[in-house]
Ligand code: ASP
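Numbering (my numbering), first residue to last: 29 to 373.
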């Protein structure tokens with residue numbers, strides 16, 4: 029009996045210490061919208077799945093090596109920002125004036141520090157600029173010309189505005205402006221047409237924002253979101269992506285969330301913070317909280333889009349009320365899962 033009890037104690041000690049091993053997890057999205065099987069060619073589908081795989085594995089590698097959630101997010105979002113398939117960095121959608129005005133934000137769940145930029149025009153990686161705002165300025169959010177100046181001064185990589193140009197997004201703008209009976213502006217100076225990868229981009233409605241949430245081995249969560257906003261935006265419109273609590277939020281007390289969809293609804297519902305508040309104050313599971321906000325509240329308000337989320341205990345979730353969302357998740361000891369359509373897990 030004694031030996032048995034000792035064995036049980038020993039076994040639980042061994043299991044307990046194994047379970048106490050830090051775990052890591054990463055969830056990625058590349059936008060939500062009208063994404064149905066019939067809409068994507070096999071080449072497009074393969075391109076999106078390959079991109080999501082590459083990005084998620086790159087972020088996972090940082091975490092597996094003991095890197096921070098912030099570093100994993102930045103590494104993964106760099107790849108998404110460079111990839112013309114997604115509406116962030118190169119491949120961003122155009123404003124009605126034919127410009128690319130980029131928004132991004134990042135938040136550290138361990139310290140509740142956050143950084144965000146809105147309407148920047150020359151930064152190759154807006155997510156890194158958001159991180160620079162968080163780490164190198166006393167502020168949380170910078171916008172427009174001032175943010176472009178801070179970008180130069182902080183040493184962020186600069187590009188000509190035409191770097192962001194893709195033919196596919198330009199055509200989406202032309203279509204949008206024709207519907208709105210607005211004039212089509214001239215193309216940005218130096219815009220280069222024809223790019224095979226960009227040609228595969230799918231017009232999923234107006235969206236395509238990217239976001240990554242991660243849990244690192246130290247038990248900290250973080251969230252990052254980067255976008256060109258919505259096609260044909262006017263008057264300096266800013267969506268939810270750079271607004272802390274709306275399109276992005278992270279706290280070790282609850283969870284980390286990145287959102288995509290019609291930003292106006294996400295701002296009004298403070299979607300990202302709302303998901304975490306339900307976890308923190310109501311004790312909901314991460315999936316239940318995400319579903320409550322997206323399937324119930326967002327849907328009731330007439331909004332569309334979705335979220336990805338991760339919690340310090342390793343829970344991962346996604347929820348969206350559109351026909352699809354580009355998404356992937358990976359965690360220590362778990363296989364990679366990539367999805368596009370609603371009927372996938
Ligand atoms: N949420 C973004 C915005 O409203 C758009 C998107 O998710 O694609 O700017």
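No residue lacks a Cβ here, since even glycine has one placed at the ideal position from N, Cα and C.
Could you work out which residue in the options is closest to residue i when comparing CA atoms only?
{"i": "residue 97", "options": "259, 333, 135", "result": "135"}
{"i": "residue 290", "options": "301, 280, 275, 304", "result": "275"}
{"i": "residue 252", "options": "284, 245, 265", "result": "284"}
{"i": "residue 326", "options": "345, 358, 287", "result": "287"}
{"i": "residue 141", "options": "354, 320, 272, 353", "result": "272"}
{"i": "residue 312", "options": "282, 116, 295", "result": "282"}
{"i": "residue 83", "options": "358, 362, 372, 115", "result": "358"}
{"i": "residue 277", "options": "264, 260, 266, 298", "result": "298"}
{"i": "residue 243", "options": "256, 109, 61, 336", "result": "336"}
{"i": "residue 128", "options": "163, 260, 316, 328", "result": "260"}
{"i": "residue 334", "options": "307, 67, 238", "result": "238"}
{"i": "residue 351", "options": "338, 363, 332", "result": "332"}
{"i": "residue 105", "options": "123, 77, 254, 316", "result": "254"}
{"i": "residue 185", "options": "150, 166, 218", "result": "150"}
{"i": "residue 328", "options": "51, 294, 270", "result": "294"}
{"i": "residue 205", "options": "258, 146, 145", "result": "258"}
{"i": "residue 374", "options": "81, 79, 338, 177", "result": "Absent from the model: residue 374. The displayed extent of the chain is 29 to 373, so no value can be given."}
{"i": "residue 138", "options": "373, 250, 364, 256", "result": "250"}
{"i": "residue 270", "options": "143, 111, 349, 324", "result": "143"}
{"i": "residue 264", "options": "208, 163, 124", "result": "124"}
{"i": "residue 126", "options": "340, 176, 202, 314", "result": "202"}
{"i": "residue 267", "options": "60, 146, 61, 355", "result": "146"}
Which of helix, strand or coil does DSSP assign to residue i?
{"i": "residue 186", "result": "strand"}
{"i": "residue 198", "result": "helix"}
{"i": "residue 330", "result": "coil"}
{"i": "residue 320", "result": "helix"}
{"i": "residue 148", "result": "strand"}
{"i": "residue 81", "result": "helix"}
{"i": "residue 49", "result": "Since pLDDT at residue 49 reaches only 44, below the 50 mark, its modelled position is unreliable, and the value read off the structure follows with that caveat. Three-state DSSP puts residue 49 in coil, outside helix and strand."}
{"i": "residue 141", "result": "strand"}
{"i": "residue 179", "result": "helix"}
{"i": "residue 134", "result": "strand"}
{"i": "residue 29", "result": "For residue 29, the predicted structure reports a pLDDT of 42, less than 50, and the residue's modelled location is therefore unreliable. A value from the coordinates is still provided. Coil, per DSSP."}
{"i": "residue 360", "result": "coil"}
{"i": "residue 210", "result": "coil"}
{"i": "residue 355", "result": "strand"}
{"i": "residue 174", "result": "helix"}
{"i": "residue 345", "result": "strand"}
{"i": "residue 366", "result": "strand"}
{"i": "residue 55", "result": "strand"}
{"i": "residue 203", "result": "helix"}
{"i": "residue 168", "result": "coil"}
{"i": "residue 161", "result": "helix"}
{"i": "residue 373", "result": "coil"}
{"i": "residue 239", "result": "strand"}
*List in chain order: all unbroken beta strand (DSSP E) runs of 3+ residues lying wholly within the segment 244-310.*
DSSP runs (the beta strand (DSSP E)) wholly in the segment 244-310: 249-255, 276-278, 284-289.
message: Taking 8 Å as the cut-off, does the segment 155-173 touch the segment 121-139 (at least 3 CB pairs, one atom from each stretch)?
response: Contact holds: three or more Cβ-Cβ distances are below 8 Å.
So does the segment 71-88 actually touch the segment 353-370, counting three or more Cβ pairs closer than 8 Å? Taking 8 Å as the limit for Cβ pairs, the verdict is that the segment 353-370 does touch the segment 71-88.
### Query
Are three or more beta carbon pairs between the segment 316-324 and the segment 212-222 nearer than 8 Å?
Taking a cut-off of 8 Å on C-beta distances, the segment 316-324 does not touch the segment 212-222, as fewer than three cross pairs fall below it.
Can you confirm whether the segment 340-347 touches the segment 301-320 when touching is taken to mean that 3 or more C-beta pairs between the two stretches lie within less than 8 Å?
They touch, by the three-pair rule.
Run through the segment 57-122 for me and flag every whole alpha helix (DSSP H) of 4 or more residues, listed as ranges in chain order. Secondary structure within the segment 57-122: the alpha helix (DSSP H) runs of 4 or more consecutive residues, fully enclosed, are 70-92, 97-110 (chain order).
- Report yes or no: do three or more beta-carbon pairs, one from the segment 106-125 and one from the segment 186-194, lie closer than 8 Å? Contact holds: three or more Cβ-Cβ distances are below 8 Å.
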